[in-house]
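Participant: Residue numbers (our numbering): 9 to 99.
All C-beta atoms, glycine included, are put in the ideal place defined by N, C-alpha and C.
1) Output the distance between the C-alpha atoms of residue 96 and residue 37, rounded to the nearest integer angstrom.
2) Please list the terminal residues of the continuous beta strand (DSSP E) segment that includes residue 62.
3) Of all the options 28, 90 and 44, which has the alpha carbon lying nearest to the alpha carbon of residue 64?
4) When DSSP builds the beta bridges, which residues end up paired with residue 27?
5) How is residue 88 classed by DSSP in three states: helix, strand or coil?
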């Protein structure tokens with residue numbers, strides 16, 4: 009069962025879960041914004057997650073991560089208007 013790590017009251021659109029398999033799952037609700045999900049890109053430096061629009065060349069959101077993650081592994085999916093970003097925790 010995943011453990012919720014962070015639910016930032018200042019940003020109710022972001023939930024971060026640490027799964028038992030060492031995966032960090034970040035859920036970002038961007039519904040209501042005029043964004044094309046195909047243009048959204050995600051990058052990480054290991055400590056922060058950056059979401060940006062590749063066509064308009066601007067940062068949508070910067071998310072501080074509660075644990076260090078592997079910057080070489082990132083998976084981005086969209087389901088029902090929610091971005092689901094999977095990252096691997098660094099041991």
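Facilitator: Judging by the given coordinates:
1) Within the chain shown, residue 96 is the residue found at index 88, counting from 1. Within the chain shown, residue 37 is the residue found at index 29, counting from 1. If I take the Cα positions, the gap works out to 21 Å.
2) Taking the first residue of the chain shown as 1, we reach residue 62 at position 54. Taken as a continuous stretch (DSSP letters only), residue 62 belongs to no beta strand (DSSP E), as it is neither H nor E.
3) Numbered from 1 along the chain shown, position 56 holds the residue referred to as residue 64. Considering only alpha carbons, the answer is 44.
4) Translated into positions along the chain shown, residue 27 becomes position 19. Bridge partners of residue 27 according to DSSP: none are assigned.
5) The residue labelled residue 88 in the question sits at position 80 within the chain shown. If DSSP states are grouped into helix, strand and coil, residue 88 belongs with coil.
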